Structure formats: structure tokens, C-alpha cells
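A.B. asks: Numbering (the numbering used here), first residue to last: 671 to 946.
Think of the CB as a built atom: it goes at the ideal place given N, C-alpha and C, for glycine as much as any other residue.
Here the structure is a predicted model, which means the values were calculated and not measured.
Before I ask anything, let me first share the structure, which is written out below as C-alpha cells.
So, in C-alpha cells, the structure goes:
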């Protein structure tokens, strides 16, 4: 099939984190530098329903599937689906386990990602990180309902790095930027304030961060976005939202990400978890 001027869709389907399938897919497509491609990950597959949803997604894009599924029945379902729908599927586990079983007479144990000795805690953290990455900067308002922690703040108060750090601790985090001209999703006012935290900082520090950010993009730092007047306006607006929500507010001035994270967990009465 010619894919000139087309995007090649590669689907990773795995009952683990998909690392093996992703590496194989990337190594394969690297042989075709002129091809534009997109990788879709369907990981931590636990049941047939999730598997079928992943396969249907691949069908919609007529994608190529790289699969690591240890359950032989689920692998059979995937292969049958691919055959029926004329999809290319590379089963990266089953053919090799069958060969070894035939050679040794020993049946495979069928563990998910067994080479990593992954625990439920590890999987939960991977899910939390995926959730946090996918819901950064208010990308999906509906995710507010599912999040463990919701972080609010004006631009350059450190919402994203804090979210990512807390995500590595196993918390599903989403964050929303507070902009006076942008209407806030009504969902925010329907979730418990006990999982919301507002960030603030000294206006001069925010101005400095914004000016540096503009310079990094090769733009003039003398913009309204980086002006003291604008920052004061945004901070006042943010404070009004925090008061309406009756959520705790943390001043992140001169605090490291780790220090701010500890404070967030404390004020939200959440347990401190070790990193990995």
C-alpha cells in the first residue's frame, strides 16, 4: 500500500506498559525515514472489552498493530479480529512462547510484563502518570471528576511540573489555567473542594518568569502578558476563584517542587507516597 502523503497509524496493544511493542515499532518504522507516523498506545489491557476497544480504534485508522498480550485467549481474539478486518497485526509474544513450549514441553506462566516483576502499585502509578500527561493545562474538563488532585493557578505558577511530580507518586492530577477572559468550566464548581488546591506566587517573580519565557521564544519581554499590571489582575482574579471554591491556597514562592508537593498532600489530607 502506498502511503505517500498519508499518516501511518501504529497501534500498541499491551497488557503491560507497552515498552517492548513500542521499541519494536519504533525500530521498524525508523527504516523508513520518509514516512510520517503516529503511535497510539492502548496499554494495561485487563479484559476483553478493553481489548476490543483498542482493536476497534486500530480498525478506524486501518493501523498496523504491534501487540504484547500474554493471555493466549485474548491473543487469539485479537488475531481473529485482525484477520476478519484485514488488519496487519504483529504478535510479539505468543509465537515465541509457543516455540519455547514446543521445544521444552513447559507451559508459559502467562504473566503480564513478567520480566519487569511489576506490582499493582507500579501499574497504578503508570495509570496516574498517563492520566496526568493527558489532562495537563485543562485539556479535558471531564477529567476533573476523576482526578485525585486538581491544581489551579495563573500562568507560570508551576502547575505542570507540580502535576507531573504528583503523578509519579501515583496521584491522578489535572490542572487548569486561570485566565480572566476565559470562562471556567462549570464542572469545577461541582467537584469537592477537598481535592482542589490553588497556587499563587509573588507578582514580581511571575513577571520575571514570563519575561524569561518570552525571551526563550525570541519575543520581546515588554508585553502585557509579562507586565506587572497584567499579573496583578490575574492574581486578583485567581484569588476570587479560590474564595468561591473555598479551596486551600499555596504560595509557591521560593519553594521547590518537592516542598510544594508535600504541602499540597498535607492540606488535602492525602498520604505521602515514596517515589517508585
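1. With the cut-off set at 8 Å, would you say residue 681 and residue 724 are in Cβ contact?
2. Indicate the three-state DSSP secondary structure (helix, strand or coil) for residue 888 in the structure shown.
3. Does the distance from the CB of residue 880 to the CB of residue 826 come in under 8 Å?
4. Can the beta-carbon of residue 866 be found less than 8 Å from the beta-carbon of residue 811?
5. Any idea which residues DSSP pairs residue 711 with across the strands?
6. Alpha carbon to alpha carbon, what distance is there between residue 870 and residue 683?
7. So, do the segment 795-805 and the segment 823-839 have three or more beta carbon pairs nearer to each other than 8 Å?
8. Quick check: does the Cβ of residue 694 come within less than 7 Å of any heavy atom belonging to the ligand NAP?
9. Comparing alpha-carbon positions, which option in 715, 679 and 891 lies nearest residue 699?
10. Within 8 Å (strictly less), CB to CB, does residue 936 reach chain D?
11. Beta-carbon separation of residue 735 and residue 728 under 8 Å?
12. What's the C-alpha gap between residue 921 and residue 909?
13. Assign residue 940 to one of three DSSP states: helix, strand, or coil.
C.D. replies: The structure says:
1. Against a cut-off of 8 Å, the Cβ pair of residue 724 and residue 681 comes out as a contact.
2. Three-state DSSP puts residue 888 in coil, outside helix and strand.
3. Against a cut-off of 8 Å, the Cβ pair of residue 826 and residue 880 comes out as a contact.
4. Against a cut-off of 8 Å, the Cβ pair of residue 811 and residue 866 comes out as no contact.
5. In the DSSP output, where bridge partners are listed per residue, residue 711 has 682.
6. Distance between the alpha carbons of residue 683 and residue 870: 41 Å.
7. With the cut-off at 8 Å, the segment 795-805 and the segment 823-839 touch.
8. By its list of ligands, the structure shown contains no ligand whatsoever, and the ligand NAP lies outside what it can speak to.
9. Closest by alpha carbon: 679.
10. Checking the listed chains, one finds no chain D in this structure; it contains a single protein chain.
11. Contact check for residue 735 against residue 728 passes: the beta carbons are separated by less than 8 Å.
12. Looking at the backbone, the Cα of residue 921 and that of residue 909 are separated by about 12 Å.
13. DSSP places residue 940 outside both helix and strand once states are collapsed to three, so it counts as coil.
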